[in-house]
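Before any comments, here is the structure.
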Amino acid sequence: MAEAPGEDHPLLPRYEGAEIHAYRASSQDTVIIPASRIGDEKAASLARQMTGDVTHIDYVLTPATATAQVGRYYEGLLQSAGFRTVFSCVGERACGSGMGALIFNSGKVAPTGFADGLFGDRMRVIVAQRGDTWTLLHIYEGPDRTTIYEAVVDEAG
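Quick note on our numbering: the sequence shown kicks off at 29 and runs consecutively.
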């Protein structure tokens, strides 16, 4: 598969070897950022609604790489850039059975049809904040690839 046009967000250089699968440049939008376990659609109402400049990037990493390894990379980047982790979870039990559906199927986070919505026990979600900037990462290890969906919201934008 050829890499799609796009560029890394300046705050989050991609994990080594990852290729852009889908990209939507920063534009004014409203998204929902989960800051806790999402058990069902009703729980999604507890997530934070944000409006600002939103960048969406979907990466694919082949062959598959463990979500723990990819997660540590992004956690290190975020920490060194001054972000604080607001919420982090691993697996469907900790993230909630509605997390993947909220992010990929609701149209309230990723644009509908934008990313490969893979979810289950090999899922890791990281939400971090620095001032008016929020980042959501959804990392999933599949049998042949790891997907990394990234949304960066600048509420001041």
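Note that CB positions come from ideal geometry on N, CA and C, so glycine has one too.
Work out the CA separation of Thr-174 and Arg-152 for me, nearest whole Å. 11 Å
Pro-62: which of Gly-170, Glu-178, Asp-172, Leu-164 sits nearest, CA to CA? Measuring C-alpha to C-alpha distances from Pro-62 to each of Gly-170, Glu-178, Asp-172, Leu-164 identifies Leu-164 as the nearest.
Does Ser-54 come out as helix, strand or coil in the three-state DSSP assignment? strand
Between which two residues does the beta strand (DSSP E) harbouring Tyr-87 extend? Per DSSP, the continuous beta strand (DSSP E) segment holding Tyr-87 begins and ends at 76–89.
Between which residues of its own chain and Pro-33 is the CB-CB distance below 7 Å, once the five residues before and five after are set aside? Tyr-51
Whole angstroms is fine: what's the gap from Ile-85's alpha carbon to Glu-120's? Answer to the nearest angstrom: the Cα atoms are 22 Å apart.
Between Ala-129, Gln-157, Ala-156, Ile-154, which lies nearest to Asp-144 when the distance is taken from Cα to Cα? Checked all of Ala-129, Gln-157, Ala-156, Ile-154; the closest Cα to Asp-144 is Ala-129.
Let me check one thing: in DSSP terms, what residues is Thr-174 bridge-paired to? Leu-89, Glu-169
By Cβ distance below 8 Å, which residues in the same chain neighbour Arg-65 in space, the five residues on each side in sequence not counted? Ala-71, Cys-117, Ala-122, Cys-123, Gly-124, Met-127
Which term fits Ala-53, buried or exposed, when burial requires 16 or more other beta carbons within 10 angstroms of its beta carbon? exposed
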